[in-house]
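So the sequence lines, in the order shown, correspond to chains Y and Z.
Number 405 in full-length UniProt numbering belongs to position 405 of the first sequence; there are no gaps in the numbering.
Number 305 in full-length UniProt numbering belongs to position 305 of the second sequence; there are no gaps in the numbering.
Built from N, CA and C at the ideal position, the CB exists for glycine as well.
A quick write-up on the structure given underneath.
Protein chains: 2
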Amino acid sequence: MRRSIATVSLSGTLEEKLRAAAAAGFDGVEIFENDLVASPLPPRDVRATAADLGLGIDLYQPFRDFEGVGDAQLERNLRRAEAKFALMLELGTDTMLVCSNASQAALGDDARAAEQLHRLAEAASPYGVRIAYEALAWGGRVDDYRHAWRIVSEADHPSLGVCLDSFHILSKGDDPSAIRAIPGEKIFFLQLADAPYMAMDLLQWSRHYRCFPGQGGFDLTAFTRHVLEAGYTGPLSLEVFNDVFRASDPHRTAADALRSLSVLEDALGRERAAERAPGEPGADGARPRASLTRLPDPPADTGFAFVEVAAEGSGAESVRAVLGALGFAHTSDHRSKPVQLWSRGDARLLLSSTDPRLGHTWSGDAAVTAVGAEVADPDRAAQRADLLLAPTLPRRRDPAESRLNAVAAPDGTAVFFCADGRDREWLDDFSAAAVRDPHPGGDTAVTAIDHVGLFQPFDQFDEASLFYRSVLGLEPDASLEVAAPDGLVRSRALSSGGGLRIALNVSVLGRGSRADAAGGAQHIAFACDDVFAAAEAMRAAGVAPLTIPDNYYEDLAARTDLAPAVRERMRENGILYDRAGTGEFFHFYTPMLDNRLFFEAVQRTGGYTGYGAANAAIRMAAHRAERTR
Amino acid sequence: MRRSIATVSLSGTLEEKLRAAAAAGFDGVEIFENDLVASPLPPRDVRATAADLGLGIDLYQPFRDFEGVGDAQLERNLRRAEAKFALMLELGTDTMLVCSNASQAALGDDARAAEQLHRLAEAASPYGVRIAYEALAWGGRVDDYRHAWRIVSEADHPSLGVCLDSFHILSKGDDPSAIRAIPGEKIFFLQLADAPYMAMDLLQWSRHYRCFPGQGGFDLTAFTRHVLEAGYTGPLSLEVFNDVFRASDPHRTAADALRSLSVLEDALGRERAAERAPGEPGADGARPRASLTRLPDPPADTGFAFVEVAAEGSGAESVRAVLGALGFAHTSDHRSKPVQLWSRGDARLLLSSTDPRLGHTWSGDAAVTAVGAEVADPDRAAQRADLLLAPTLPRRRDPAESRLNAVAAPDGTAVFFCADGRDREWLDDFSAAAVRDPHPGGDTAVTAIDHVGLFQPFDQFDEASLFYRSVLGLEPDASLEVAAPDGLVRSRALSSGGGLRIALNVSVLGRGSRADAAGGAQHIAFACDDVFAAAEAMRAAGVAPLTIPDNYYEDLAARTDLAPAVRERMRENGILYDRAGTGEFFHFYTPMLDNRLFFEAVQRTGGYTGYGAANAAIRMAAHRAERTR
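Structure representation (structure tokens):
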């Protein structure tokens with residue numbers, strides 16, 4: 001299907017917006033009127049610039065407060081419209097979005113509205129312009145797409161149809177299935193936007209918090225399916241008002257936007273394929289069908305192959321010391337690169353002195369630089385990632401070494417696609433040397449990597465969520481907020497059925513050293529059979545867990561029925577506790593290593609699926625207290 | 001009255017919060033439970049630290065979801081409460097806030113709630129603890145202060161009273177006057193918070209957007225008056241959940257917070273004094289009266305004495321060139337400092353090559369460094385500012401020169417208090433030399449300074465609003481948002497009856513170079529009798545106004561009935577237009593001078609009181625286009 005984006009979704013001047021949309025691969029744009037009015041480019045030059053870039057102009061929008069007015073106002077509104085039709089001729093676009101009158105003073109008389117829209121369509125015809133009438137969620141008289149369609153039906157003019165906008169329908173919890181009752185050829189335009197669920201005034205929510213499909217909470221696949229089944233074959237167009245995107249690099253936002261449409265089309269195509277009985281022809285014949293571009297299958301049940309940490313000097317020393325104390329052994333070395341494999345059970349950590357993305361020697365604080373994801377078909381995963389505009393990372397390797405595809409996540413973390421199953425081809429690149437360092441930790445310790453926590457650049461939080469969802473097939477949880485000593489941190493976890501879990505964190509205000517210092521850390525959490533034993537073994541090996549205040553345990557005594565002996569053992573080992581339903585979660589942290597990296601050990605029981613978010617503020621305060629001690 | 005602040009209102013560790021509250025001059029704090037639980041300080045040490053700092057601990061809060069529960073849960077809740085009472089003994093605080101059960105599963109049985117709260121109060125008594133019961137605005141069964149008071153009345157226990165929180169009452173638009181019906185001695189605690197009006201879920205609004213009294217839209221003076229007239233004599237305590245304050249310097253926030261209470265007490269004291277007939281005694285005898293600290297009278301009808309710009313080299317040259325073209329003349333020089341006075345009508349601009357705040361030579365882009373405010377009594381204004389914790393600026397001067405008091409606004413702008421009236425003593429410091437430079441502008445040009453626009457550091461937007469309101473006696477307008485090419489800008493204007501107007505702008509996200517570049521500019525707007533003539537004179541003098549796109553004038557033609565000849569004259573001169581009711585506003589801008597300073601000329605007719613906000617996005621895009629040309 002044709003893919004478009006409204007200029008209001010991108011930052012910059014109109015020309016910069018056009019360039020970014022074209023660079024990402026969009027077919028067309030909606031011109032947001034304010035962007036044109038503020039532009040030094042005359043409409044004819046905008047048309048030429050767009051054409052040079054290979055972009056069509058699919059919509060001019062919005063035209064406000066037209067219908068449901070008195071006769072004198074109607075004449076003024078028609079005059080205003082004529083000026084815009086003339087402009088659209090120069091702009092080379094044939095569809096104008098007319099949104100329902102937002103004024104409470106609008107007249108609630110459908111016959112009048114229909115008659116007035118008929119007049120507008122009649123006035124538009126000589127210019128070759130079509131009118132797409134849209135029900136705003138906060139419309140004064142018309143705020144429901146069925147109502148808009150009734151008025152359009154009644155007006156009965158070939159140049160008049162409806163525009164559907166997912167936000168205006170889904171934000172109100174409205175049922176989109178009646179869209180199927182609208183003839184596809186009368187759906188003149190389709191605008192798509194997702195949004196996180198928020199208890200907020202519709203207008204404010206719409207103007208500040210829209211996001212791209214797959215980044216929020218709406219079911220855009222189901223919504224779009226209704227529109228396609230109505231027979232709509234026009235563009236899929238994104239209209240996203242978002243405070244962050246307005247202030248971010250438009251090229252990056254445009255790529256993110258296009259990715260969201262690729263994922264949406266792919267999901268729709270999969271549904272359609274699944275519906276079809278074998279041997280049956282694709283189309284039902286009754287209504288036109290939009291063609292849907294498909295992607296290679298997404299990875300499923302992705303697991304951790306490894307997590308890579310780059311460190312140097314004393315930072316690397318402290319990582320090694322803590323891994324040893326957690327029962328990890330330095331089991332082998334990479335054949336050609338300065339990378340050590342440390343492992344314990346199914347937890348594999350690569351400790352490197354180079355940056356896997358740039359190849360050069362690592363300098364700076366220890367940091368997570370790569371996540372190895374075990375997938376059924378690494379080549380297919382890489383191909384899918386490429387079609388989703390994930391930047392491919394060059395991977396220098398010796399001919400004898402295994403081929404590992406890697407792409408860069410939005411925060412720069414390298415994501416490697418590794419074959420799952422027993423062979424683990426990538427491990428062949430490591431010498432089968434005997435265990436180099438003994439592991440002083442006991443036997444009942446780490447079994448696997450449970451999750452990775454990555455602090456995100458402010459601008460890339462939604463982008464990262466969509467990236468991991470679409471590239472690795474992870475499912476996101478709802479976002480939540482944690483009060484760090486220096487500001488709020490937003491956190492959103494994504495997980496696969498195969499045990500790969502990534503928690504993304506971002507400063508809610510996203511600025512200033514204090515906001516960064518509060519939560520800028522990264523961490524790797526290891527799953528344990530017995531987290532108490534793991535903590536005690538680590539302590540015995542000389543590494544103290546992060547000190548948790550006694551006040552925490554006093555509070556735990558007041559609000560839980562944990563046995564005093566258990567609480568005492570927790571206090572001795574800095575172990576924290578969470579509960580959800582029948583599930584329990586016990587976990588402890590290491591001190592901060594080399595400024596921004598720490599480890600966590602966790603034990604899940606009774607089907608606990610969270611991350612101990614209730615304790616995150618305690619952890620952040622404790623890590624901060626370490627720094628000021 | 002005693003002044004307190006909840007630790008949740010400030011950023012940092014518990015100890016840092018206590019230090020900041022003490023440094024600002026608070027008498028006490030509310031300990032927010034999460035702050036204590038995350039602190040390494042045992043309760044006894046918290047008490048000792050607070051005592052050393054001269055702070056009392058006035059409240060422990062919150063205790064949640066206590067009442068309206070089944071019998072088994074009640075026993076668990078009482079056990080939890082007992083642990084907290086023991087903790088409060090160590091902490092040395094005698095009042096616990098119990099907020100109404102927020103669960104929808106709470107039992108809606110007032111008799112049961114009263115009985116359970118009675119049991120809680122009975123359990124609290126041996127510890128010397130009082131229970132202050134508060135209706136949360138989103139309480140499951142109890143969400144109204146009258147309802148909470150009915151339950152407390154029914155429970156009838158000497159250790160049980162109510163806590164009133166302005167947010168929970170005013171956010172719902174509730175009438176606070178029934179507070180007077182509650183006996184003052186049963187109001188155990190008073191929490192104050194303001195908030196901007198927002199159409200938002202109450203819980204989200206409360207957790208993220210509260211602010212200090214005078215910074216939002218609530219009438220805290222009226223609210224607090226009801227509480228005092230009920231006979232409340234306890235602390236005025238601030239409980240403010242705010243994303244920005246959570247991430248800002250706590251010392252600064254605490255000073256801002258204390259300022260808000262000083263202003264509130266002063267306003268209440270003024271009301272009380274005004275009520276009193278001459279010679280009548282202060283108290284009515286029936287109920288106890290809290291004593292209210294008064295400040296010197298606030299300035300009224302403040303006007304502009306001058307605005308000072310510091311510039312060097314080519315920056316200073318370009319400022320002089322544009323001032324000349326706007327009809328300003330360099331009329332005199334300061335006797336002892338490198339400061340030129342440029343004037344035209346009642347518009348006076350000081351052009352300095354030093355920083356008035358630091359005294360040293362200015363280096364950097366041209367910038368507004370000072371605002372001279374004409375007030376009736378400069379000494380009184382300075383004294384009031386001092387009591388409002390405004391930092392006093394040292395002012396080196398020769399003995400023969402006039403004494404000018406100055407304080408620093410939150411963004412660092414120096415605010416001078418100048419005597420109004422005809423004499424303008426401060427002008428005596430300038431030589432009465434003849435006009436140095438002729439002014440090429442025509443006669444019908446600038447008459448006065450209309451307003452100053454100052455871009456604010458992100459953390460200081462609310463603080464600045466309260467500063468100008470309380471120190472200069474300005475009245476704030478509502479905030480509005482402007483879509484700059486690189487992100488949203490929030491704008492809030494404040495004005496006096498005497499013609500002093502300041503527009504404060506801030507980036508909505510407040511971070512990154514793009515966000516700053518979008519709107520980081522400062523400007524000085526001059527009032528004109530005939531803005532067309534002013535623009536033409538400026539052009540004739542060789543300075544072109546900021547280029548406004550033709551598209552703007554096309555849009556104006558479509559949506560207004562301005563005569564074509566007028567529109568054409570506007571287009572030639574880059575003049576923009578706004579309308580509100582019968583008022584009209586014509587204005588033009590200069591290009592950006594020296595990166596971040598520009599001038600504006602405005603003409604108001606028909607009682608127009610705005611600032612042409614509808615055109616601000618056009619202006620920002622045009623200034624940005626200049627840079628990329």
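Cβ neighbours of residue 556(Z) within its own chain (closer than 7 Å, five residues either side excluded): 562, 567 and 577. Residue state for residue 160(Z) is assigned as strand, using DSSP reduced to three classes. The beta-carbon separation of residue 626(Y) and residue 608(Y), rounded to 27 Å, does not stay under the 8 Å limit for a contact. Short of 6 Å from the beta carbon of residue 202(Z), and not among the five residues preceding or following it, lie these beta carbons of its own chain, in chain order: 137, 138 and 171. At a cut-off of 7 Å, the C-beta of residue 12(Y) has a neighbouring C-beta in chain Z.
Between the region 147–163 of chain Y and the region 129–136 of chain Y there are three or more inter-stretch CB-CB distances shorter than 8 Å, so the stretches are counted as touching. Sequence-distant partners of residue 524(Z) (beyond 5 residues in either direction) whose C-beta falls short of 6 Å from its own C-beta, in its chain, are 307, 452 and 599.
For residue 14(Y), the uninterrupted alpha helix (DSSP H) segment begins and ends at 14–24.
Any Cβ of chain Z closer than 7 Å to the Cβ of residue 38(Y) would place that residue at the interface, and such an atom is present. Just measuring C-alpha positions, the residue of 1(Y), 257(Y) and 291(Y) sitting nearest residue 273(Y) is 291(Y). Taking 7 Å as the threshold, the shortest C-beta distance from residue 242(Z) to chain Y does not fall below it. Contacts between residue 42(Z) and chain Y, judged by CB atoms closer than 8 Å, involve 550 and 551 in chain order. Put simply, the CB of residue 488(Y) is near chain Z, with a gap under 7 Å to one of its CB atoms. Of the residues 22(Z), 82(Z) and 34(Z), the one whose Cα lies closest to the Cα of residue 55(Z) is 22(Z). Below the 8 Å Cβ cutoff, chain Z contributes 199, 200, 201 and 204 as neighbours of residue 200(Y), in chain order. Looking at 572(Z), 100(Z), 111(Z) and 59(Z), the one whose alpha-carbon comes closest to that of residue 88(Z) is 59(Z). Per DSSP, the beta bridge partners of residue 523(Y) are 453(Y) and 598(Y). Using beta-carbon distances, residue 45(Y) does not count as an interface residue toward chain Z, since no partner is under 7 Å. For residue 199(Y), the number of other beta carbons within 10 angstroms of its own is below 16, and it is reported as exposed. Beta-bridge pairing by DSSP links residue 194(Z) to 211(Z). Shown here, residue 342(Z) sits in a strand according to DSSP, grouped into three states. Less than 7 Å divides the Cβ of residue 473(Y) from the Cβ of residue 298(Y).
Taking all protein chains shown into account, residue 225(Z) has 16 or more neighbouring C-beta atoms within 10 Å of its C-beta and is therefore buried. Around the Cβ of residue 361(Y), a 10 Å sphere holds fewer than 16 other Cβ atoms; the residue is exposed. Per DSSP, reduced to three states, the secondary structure at residue 101(Y) is coil, with no helix or strand assignment.
By the C-beta density criterion, residue 463(Z) is buried, having at least 16 other C-beta atoms within 10 angstroms. DSSP lists 130(Y) as the beta-bridge partner residues of residue 95(Y). Among the CB atoms of chain Y, none fall inside 7 Å of the CB of residue 187(Z).
For residue 428(Y), the CB contacts under 7 Å within the same chain, skipping 5 residues up- and downstream, are 402 in chain order. Taken in chain order, the whole beta strand (DSSP E) runs of length 3 or more contained in the region 23–74 of chain Y are 28–32 and 56–63.
The Cβ of residue 64(Y) sits no closer than 7 Å to any Cβ of chain Z. Nearest CB-CB separation between residue 131(Y) and chain Z: not below the 7 Å threshold. Burial check for residue 75(Z): the Cβ neighbour count within 10 Å stays below 16, so the residue is exposed. At a cut-off of 7 Å, the C-beta of residue 256(Z) has no neighbouring C-beta in chain Y.
For residue 408(Y), the enclosing beta strand (DSSP E) has its first and last residue at 405–408. Nearest CB-CB separation between residue 509(Z) and chain Y: below the 7 Å threshold.
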